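For the record, in the sequence shown the residue sitting at position 37 is 37 according to UniProt numbering, with numbers rising by one throughout. A virtual CB, placed ideally from N, CA and C, is assigned to each residue, including glycine. All values derive from a computational prediction rather than experimental measurement. One structure below.
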Amino acid sequence: MMKSKLEPQRRRSESDPLALALQPPANETDADREKRLHEELEAKRVSDGIDEMLRAEKKERKNKPEIKVLLLGQSESGKSTTLKQFQLMHSPAAFNADRTAWRAVIYLNLVKSILRILDAIAPEDPLEDDAEEAGEHAEPASIIITSRGRPQSALTVTRVPKYERYRAALAPLYELEVRLARLISSPDDDEPECNDDSRPHWTVGSPNAYGRNGRPLPNISIPDYHGSTSPLSPLSPSTTVAGQPSPGGSSSSSSRSRQAEVSVHHSKDWKKKWSLVSRITSPKSAHTNEIEGWWDDPKDPVHIMHSCAPAMMQLWDDASVRRCLKEKGLRLEESSGFFLNEIRRITALRYFPTTDDVLKARLKTTGVVEHSFIIPDTQRRQMIWRIYDVGGARYQRQTWTPYFDDVNAIIFLAPISAFDQVLAEDPKVNRLQDSLLLWKEVVSNKLLANVNIILFLNKCDLLKDKLAAGVQLASHLPGYRDRPNDYESIRQYFKAKFGNIHAQCSHNKERQINLLFTSVTDTRGTKVVINSVRDSIIKANLRSMQLM
């Protein structure tokens, strides 16, 4: 029913719920009114303060703009090394302060390489071959475990005449590997005393736990800090599949798998325990200024490394060992954290990591690592750069999306030398194919349509070495067909491959990709690349701010 025109309209305060809510109570006393006005005045003061703070932040951002850069790519693509290069160029004091801390990681990288060689050259079990030749009608051979936990037949055949001598001389490295992994991954825990109860115990596994060489896989029980023990399985994601290339530059289908790769969460301050300040405690004597360093600490890993150095060098220089590794397709030179050519220097008692050592050191980081730098722009204004290194393993990629929101630039790293390798987390997936699929996902993401993207086709130095060794790209990438197997031809092929994916899948057809061929462990070459990348990102950021 329509209201009569003669009916008086209600006041706004009666019809507007908001105005009604803001009205003072009808029975408000003078004291209540004074209190209400004081609270309203205080609320306005706080609101004005927030507005002023926001205006100041906006002005500060204008005077000191912030640039957010994401480093994307699969695991071991070179993201962490690129971040180290940024730190070396724009925060050298922090880079140098961390040098000593990387000593533990470099030791662990070297120890893992040595133990990987020992696994690869371990004697094959002839009973396994005899059983295969005898066919399915033959009785399965029984494996007799000796008191030392090893099949008797494992000692009968070997590719390397000095294998047993190497294994005995380098036995301390098995325990050192576990100890270093613990010290790096759990830096906040105190190291247990080295007594009989705190040492790792090597025991024979279950009756069915045998490697391809007939040798029982060890179970490692590591006592925790409450006195109990927890098993560390010998099986790890790095286990290879027979007949398939393995992660890290190996086509080996060999023997036993090693302990899983050590990883450190970004929140763990593992560097603090190994820093120069924490390792140098006090002067040796009140009468001298000579300091007491890690080389004077009998518990420091350097002493085991130093004592095992001669055997490590003999193992790596042994021609029969090199032949065995070649037969099994194990190319350690292509792996991250390769230090086998520097054994004498790295195992010296007073070894101090060089810049190249830190850049080459391999430590898997989980979570998102952020570094901030103050970098001047073309107008000499100070700009804050926030560079994020996000995990590249498949299970970590779901953490990328939240960082896409306000990113200014993406540096995507694709290791083009990995065309004959597979993912550590999925041995059925070729690493190059994974990079191409990941690249397609990034360039086709609508959230990133207007983001500046720089593509590093990385590890060109390893690609050259691989091609020089006679590895054929077409054998692993059938689409390459009968094209020349030289570096320049392959380089142009990859450039076109990645460029075509961007042209076909990008939602921004006007965006130009800055594509660079890199070897980010090369400090001199990468410095030129980073300067070029920095300038291109700054110019793109200025354009977006309409300052050009």
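Practice prompt. Within its chain, find whatever has a CB closer than 6 angstroms to the CB of Val533; leave out the 5 residues flanking it on each side and keep chain order.
Written response: Taking the first residue of the sequence shown as 1, we reach residue 533 at position 533. Cβ within range, chain order: Ile454.
Worksheet item: Just curious, the alpha helix (DSSP H) that Pro301 is in, first and last residue?
Response: The residue given as residue 301 occupies position 301 in the sequence shown. Segment: none, Pro301 is in no alpha helix (DSSP H) and carries neither H nor E.
Worksheet entry | Cα-Cα separation between residue 550 and Leu70, rounded to whole angstroms | Only positions 1 to 548 of the chain appear in the structure, and residue 550 is not among them; the question remains open.
Worksheet entry | Contained beta strand (DSSP E) runs [length at least 3] in the segment 312–386, N- to C-terminal order | 364–366, 369–376
Worksheet entry | Assigned exposure category for Leu54 - 16 Cβ within 10 Å defines buried | For the purposes of this step, residue 54 is taken as the residue at position 54 of the sequence shown. So Leu54 ends up on the exposed side.
Discussion item. Assuming contact is defined by CB atoms lying nearer than 8 angstroms, are Leu330 and Ala120 in contact in what I supplied?
Written reply: As a position in the sequence shown, residue 330 is number 330, starting the count at 1. As a position in the sequence shown, residue 120 is number 120, starting the count at 1. It is a contact, given that the beta carbons lie within the stated cut-off.
Worksheet item: So, helix, strand or coil for Asn514, using DSSP?
Response: In the sequence shown, the residue the question calls residue 514 occupies position 514. Three-state result, Asn514: strand.
Fill in: Extent of the continuous beta strand (DSSP E) run through Asn458
In the sequence shown, residue 458 corresponds to position 458, counting from 1. Segment 452–458, the beta strand (DSSP E) holding Asn458.
Discussion item. What residue range does the alpha helix (DSSP H) around Ala169 cover?
Written reply: Position 169 of the sequence shown, counted from the first residue, corresponds to residue 169. Start and end: 163–169.
Practice prompt. Using the DSSP secondary-structure output, state which residues sit across from Ile67 in a beta bridge.
Written response: Taking the first residue of the sequence shown as 1, we reach residue 67 at position 67. For Ile67, which the question treats as bridged, DSSP gives the partners Trp385.
Discussion item. With a threshold of 8 angstroms, are at least 3 pairs of Cβ atoms found where one atom belongs to the segment 356–371 and the other to the segment 99–118?
Written reply: yes
Item to complete: Please go through the same chain and pick out, in chain order, the residues whose beta-carbon is closer than 8 angstroms to the beta-carbon of Gln87, but skip the five residues on each side of it.
Response: As a position in the sequence shown, residue 87 is number 87, starting the count at 1. Here the set comprises Ala94, Phe95, His371, Phe373.
Worksheet item: Taking the DSSP output, what are the residues bridged to Pro415?
Response: For the purposes of this step, residue 415 is taken as residue 415 along the sequence shown, with counting starting at 1. Note: Pro415 sits in a beta bridge opposite Asn458.
Item to complete: Kindly indicate which three-state DSSP category Asn531 falls into: helix, strand or coil?
Response: If you number the sequence shown from 1, residue 531 lands on position 531. Asn531: helix per DSSP, three-state reduction.
Fill in: Under the three-state DSSP convention, the category Asn109 falls into
One-based indexing of the sequence shown puts residue 109 at position 109. Helix at Asn109.
Item to complete: May I ask which residues mark the beginning and end of the alpha helix (DSSP H) holding Gln492?
Response: Taking the sequence shown and counting its residues from 1, one reaches residue 492 at position 492. Gln492 -> alpha helix (DSSP H) spans 487–505.
Worksheet entry | Limits of the alpha helix (DSSP H) - the one that Pro172 falls within | The count along the sequence shown starts at 1 and reaches residue 172 at position 172. Unbroken alpha helix (DSSP H) run through Pro172: 172–185.
Worksheet item: Going by other Cβ atoms of all chains shown within 10 Å of its Cβ, with 16 needed for buried, is Asn531 buried or exposed?
Response: Taking the sequence shown and counting its residues from 1, the one referred to as residue 531 is at position 531. Under this definition Asn531 is an exposed residue.
Discussion item. Measuring alpha carbon to alpha carbon, tell me which residue in Val520, Ile384, Leu438 is nearest His90.
Written reply: Along the sequence shown, read from residue 1 onward, the residue named residue 90 stands at position 90. Cα-wise, what sits closest to His90 is Ile384.
Item to complete: Return yes when at least one heavy atom of the ligand COA lies under 7 angstroms from the C-beta of Val302, else no.
Response: The ligand COA is not part of this structure, which contains no ligands at all.
Worksheet item: So, is Arg350 buried or exposed, given that buried needs 16 or more other C-beta atoms within 10 angstroms?
Response: Here residue 350 corresponds to residue number 350 of the sequence shown, with the count starting at 1. Its Cβ having fewer than 16 others within 10 Å, Arg350 is exposed.
Practice prompt. Can you tell me which of Ala101, Gly78, Arg36 puts its alpha carbon nearest to the alpha carbon of Asp522?
Written response: Position 522 of the sequence shown, counted from the first residue, corresponds to residue 522. Closest by alpha carbon: Gly78.
Worksheet item: For Ala469, which three-state DSSP category applies?
Response: Counting from one through the sequence shown, the residue named residue 469 turns up at place 469. Note: Ala469 maps to coil in three-state DSSP.
Worksheet item: What does Val422 pair with, by DSSP beta-bridge criteria?
Response: Within the sequence shown, numbered from 1, the residue matching residue 422 stands at position 422. For Val422, which the question treats as bridged, DSSP gives the partners Asn430.
Practice prompt. List the DSSP bridge partners of Leu118.
Written response: Taking the sequence shown and counting its residues from 1, one reaches residue 118 at position 118. Answer by DSSP bridge pairing: none, since Leu118 is not bridged.
Discussion item. I want to know whether the segment 496–505 touches the segment 441–455 - three or more CB-CB distances under 8 angstroms.
Written reply: yes
Practice prompt. Please look up how many angstroms separate the CB atoms of Leu473 and Ile490, rounded, as I've assumed it's under 8 angstroms.
Written response: Taking the sequence shown and counting its residues from 1, the one referred to as residue 473 is at position 473. Taking the sequence shown and counting its residues from 1, the one referred to as residue 490 is at position 490. Leu473 to Ile490, Cβ: 6 angstroms. Contact.
Worksheet item: Any idea if Leu413 is buried or exposed, counting beta-carbon neighbours within 10 angstroms, 16 or more meaning buried?
Response: Against the sequence shown, residue 413 aligns to sequence position 413. With 16 or more Cβ atoms within 10 Å of its Cβ, Leu413 is classed as buried.
Worksheet item: Contact check, Ile410 vs Leu72 under 8 angstroms by CB: the rounded distance?
Response: What you label residue 410 is simply residue 410 of the sequence shown in a count that begins at 1. What you label residue 72 is simply residue 72 of the sequence shown in a count that begins at 1. Their Cβ separation, rounded to whole angstroms, is 6 angstroms, which keeps Ile410 and Leu72 in contact under 8 angstroms.
Fill in: Leu477, DSSP secondary structure in three states
Sequence index remark: in the sequence shown, residue 477 carries index 477 (1-based). Correct three-state label for Leu477: coil.
Practice prompt. Could you tell me which residues DSSP pairs with Ala409 in its beta bridges?
Written response: In the sequence shown, residue 409 corresponds to position 409, counting from 1. Per DSSP, Val69, Asn452.
Practice prompt. Evaluate contact between the segment 170–178 and the segment 303–311, counting only Cβ atoms and requiring at least three cross-stretch pairs below 8 angstroms.
Written response: yes
Item to complete: State the DSSP-derived secondary structure class of Arg75, mapped to helix, strand or coil.
Response: As a working mapping, residue 75 is identified with position 75 in the sequence shown. The amino acid at residue 75 is misidentified as Arg; the sequence shows Ser. Looking at Ser75 - three-state DSSP - the assignment turns out to be coil, as it is neither helix nor strand.
Practice prompt. Check whether the Cβ atoms of Asp318 and Val160 sit closer than 8 angstroms, and answer yes or no.
Written response: Taking the sequence shown and counting its residues from 1, the one referred to as residue 318 is at position 318. Taking the sequence shown and counting its residues from 1, the one referred to as residue 160 is at position 160. Yes, these two residues count as a Cβ contact at 8 angstroms.
Fill in: For Arg524, the three-state DSSP class (helix, strand or coil)
In the sequence shown, the residue the question calls residue 524 occupies position 524. Note: Arg524 maps to helix in three-state DSSP.
Worksheet item: Candidates Ile346, Arg345, Ile114: which alpha carbon is nearest Tyr166's?
Response: Translated into the one-based positions of the sequence shown, residue 166 becomes position 166. Closest option to Tyr166, Cα to Cα, is Ile114.
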